[in-house]
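Residue numbers (our numbering): -5 to 290. Yeah, the Cβ is synthetic: ideal placement off N, Cα and C, and Gly gets one too. The structure presented is a predicted model; accordingly, all values stated were derived computationally and were not measured.
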Amino acid sequence: MDVKKPLDPNKLKSENHKLYANFCENYELLDAGGGQKLERWGEIITIRPERQAYFKSETPFTEWEQKAHWKFTEKSNLKGNWKNINPAPKEWKFFTEDLTFHLELTQYKHLGIFPEQETNWSFIDENLRPKGRFLNLFAYTGASSLVARKKGAEVLHVDSVKQLISWAKLNMEHSSLSDIKWVLEDALKFAQRENKRGNSYDMIQMDPPAWGLGAKGEKWKLEDKIEELLKTSYSILRPNGWLIVNTYSPSLKLEDTKKLVERIFGKKAEVCSELWMKTKTNKDLYFGDIVRIQKS
Ligand SMILES: C[S@@+](CC[C@H](N)C(=O)[O-])C[C@H]1O[C@@H](n2cnc3c(N)ncnc32)[C@H](O)[C@@H]1O
């Protein structure tokens, strides 16, 4: 595979490095450019809009369209339609080395996995102890929950959308795993409740959106609520526990997240990086920011 290995997280000491995610098994970012990206998910190839692909693609779109099965066109409000270009199903199973996911074409252009999260999956696998407790906030279809459960940890998976919890359960079953604890709730409220109950964790991952709604309509606005969530997370982390914070928002810069986290933890973050992935054609795509910090 012609993709750079991610940097060793332990060697990254609070500097703004680029952290490159590897391709996970069966996924390839084939090319990008002209506001689009070409990806392979097992047998299925898709074309999707990608704001960060502001450069020219390596191969022409005519070639992309010969290969691709599905192409997404944005209409409004991030929603859009999938057009079938070559015969292919609308949903299929996607296999990584040891997990199985249900993928489908959603109206929001996503398919059920964020492959750039591979870097966090490796981190969780390497740093979470088998009997540890793992809290996945804003957990979506549960890729990180599955990795942590596979490792043998006790996993609490929190998301505010019922259909996404059902999708995550399906992924757990497809992966022959069991006993993930599903929590349909606002992430901040749940973390606060865990704090009151005196529960604690060995690792907490959060992937908060810029905007969101809790299960009871609680408004989530990243820059208004992140500090409270980070403070609560610090309180419920065990000594030596890890916090992983993913963000993708113009309103919260990497430097701000780093400062906030370091102030709350009273130490330097071990990892403070932009998250990137290389296409097979050797182009760099930006996917957000990551801060990882271990509680003293
Ligand atoms: C960017 S996705 C997370 C992707 C995930 N890290 C992964 O790689 O699979 C954000 C998720 O946050 C959820 N969400 C939004 N607002 C929320 C809230 N207030 N409380 C809990 N979950 C929320 C959404 O339903 C969505 O699943």
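Supposed contact pair residue j and residue i - C-beta distance, whole angstroms, cut 8 Å
i: I174; j: S139; result: 5 Å
i: A15; j: L269; result: 6 Å
i: I41; j: K65; result: 4 Å
i: L32; j: W58; result: 5 Å
Inter-residue spacing [alpha-carbon to alpha-carbon] between residue i and residue j
i: A133; j: V155; result: 10 Å
i: F186; j: R143; result: For the record, residue 186 in the displayed sequence is Gln; it is not Phe. Rounded to whole angstroms, Q186 to R143 spans 23 Å at the Cα level.
i: L171; j: P124; result: 14 Å
i: V239; j: H104; result: 21 Å
i: P3; j: N234; result: Residue placement at P3 cannot be trusted, given a pLDDT of 45 that sits under 50; what the coordinates show is reported in the next sentence. Roughly 16 Å between the two C-alpha positions.
i: K73; j: A47; result: 19 Å
i: E110; j: N193; result: 30 Å
i: F259; j: E37; result: 44 Å
i: S267; j: W115; result: 16 Å
i: L178; j: G211; result: 12 Å
i: W205; j: L216; result: 6 Å
i: D25; j: K272; result: 9 Å
i: L248; j: G282; result: 9 Å
i: A209; j: T56; result: 43 Å
i: I159; j: E148; result: 17 Å
i: L97; j: K84; result: 8 Å
i: N276; j: F95; result: 27 Å
i: T226; j: W176; result: 20 Å
i: C18; j: F89; result: 9 Å
i: E44; j: G28; result: 8 Å
i: N121; j: F128; result: 11 Å
i: T53; j: T67; result: 20 Å
Where residue i falls: helix, strand or coil (DSSP)
i: Q46; result: coil
i: H168; result: helix
i: A185; result: helix
i: L105; result: coil
i: N234; result: strand
i: K274; result: coil
i: I220; result: helix
i: A162; result: helix
i: E110; result: helix
i: I79; result: coil
i: E57; result: helix
i: S301; result: Nothing about residue 301 can be reported from this structure: the residues present for the chain run from -5 to 290 only.
i: Y134; result: coil
i: Y242; result: coil
i: K289; result: coil
i: D283; result: strand
i: K73; result: strand
i: K262; result: coil
i: K12; result: strand
Pick from the options that is closest to residue i, judged by C-alpha positions
i: M166; options: A181, L150, D180; result: L150
i: K289; options: I198, L248, K272; result: I198
i: P203; options: T273, D180, K190; result: D180
i: D201; options: F89, E249, T273, S243; result: S243
i: V285; options: T113, H96, L32; result: T113
i: N71; options: K247, Y102, L129; result: Y102
i: Y228; options: L207, D196, L246, S245; result: D196
i: E91; options: V141, E44, G146; result: V141
i: I107; options: L223, R34, R257, N189; result: R34
i: E22; options: I39, G28, G29; result: I39
i: L131; options: T241, W76, V265, I79; result: T241
i: K145; options: D119, L279, S169, L129; result: D119
i: F184; options: Q157, H168, D153, A162; result: D153
i: L254; options: S169, W86, W161, I220; result: I220
Delimiting residues of the alpha helix (DSSP H) encompassing residue i
i: A204; result: Counting along the chain, A204 falls outside any alpha helix (DSSP H), and DSSP gives it neither H nor E.
i: L140; result: 137 to 144
i: L97; result: No alpha helix (DSSP H) contains L97, which is instead part of the beta strand (DSSP E) from 94 to 98.
i: D250; result: 248 to 259
Endpoints, the beta strand (DSSP E) within which residue i is located
i: N130; result: 127 to 131
i: R123; result: Premise fails: R123 is in no beta strand (DSSP E) and is neither H nor E.
i: V155; result: Where V155 is concerned, there is no enclosing beta strand (DSSP E), given that its DSSP letter is neither H nor E.
i: D173; result: It is not in any beta strand (DSSP E) - D173 carries neither H nor E in the DSSP assignment.
i: A26; result: 21 to 27
i: T67; result: 64 to 70
i: L32; result: 30 to 35
i: E85; result: 85 to 89
i: Y195; result: 195 to 200
i: K213; result: 213 to 215
9 Å Cβ cutoff, residue i in contact with chain D
i: L182; result: Protein chain content of the structure displayed is limited to a single chain, and chain D is not contained in it.
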